[in-house]
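The sequence shown begins at 10 in our numbering and counts up by one.
Note that beta-carbon positions come from the ideal geometry of N, C-alpha and C, so glycine has one too.
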Amino acid sequence: MEEMDENRTPNVREPDEHLTLGSKQTSDPLGALVPMVLAGATCVVAKLFHKQHKQQKDLQHKQSDISAAKEELQATQDDLCDTQQQLGVTTRQLLDTKKELNSTKNTLHYTTDELQTTKHRLQGTATELDTAQQLLRGTSQELSTTRSRLEDAR
């Protein structure tokens, strides 16, 4: 412990004679701390430079990744635009096909109606032909009977 005497102020140390600055001896304790502080500061600055360099590298990698992602996004957007255009064309084609199918459907309904009408007419004609055939048979029998009577009458 330091003693207090009349010539000294309390808590003030005498300079240590063993402290040196370079090759010179100093009696200033703060002067002896300067090289240590400079060495510590140099170490801190070196670490900061290293950290900054690493951060710059990381930043460059991230910027490169961002650029690549932007290019990929642009390519995806271009593909999406192409797909949307193709969908527009396909949609128009589908609408045209739908119109054609509706037209064909209407034509088929009309043709089916005409075929039904023709079928009914043919059935009516077949009935008339059956009736005419029966009349012809009857007339043929009458002619045969009349011929037989005429032959008998001669």
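### Query
Does DSSP classify D67 as helix, strand or coil?
helix
### Message
To the nearest angstrom, how far is the alpha carbon of V53 from that of I75?
### Response
32 Å
### Message
Suppose only complete runs of 3+ residues qualify. What are the beta strand (DSSP E) ranges in the region 49 to 98, listed by chain order?
### Response
none
### Query
Does DSSP put R163 in a helix, in a strand, or in coil?
coil
### Query
How many angstroms separate the CA atom of Q125 from the CA atom of K114?
16 Å
### Message
Does D37 come out as helix, strand or coil in the three-state DSSP assignment?
### Response
coil
### Query
How many Å lie between A77 and A55 at the Cα?
Distance from the CA atom of A77 to the CA atom of A55, rounded to whole angstroms, is 33 Å.
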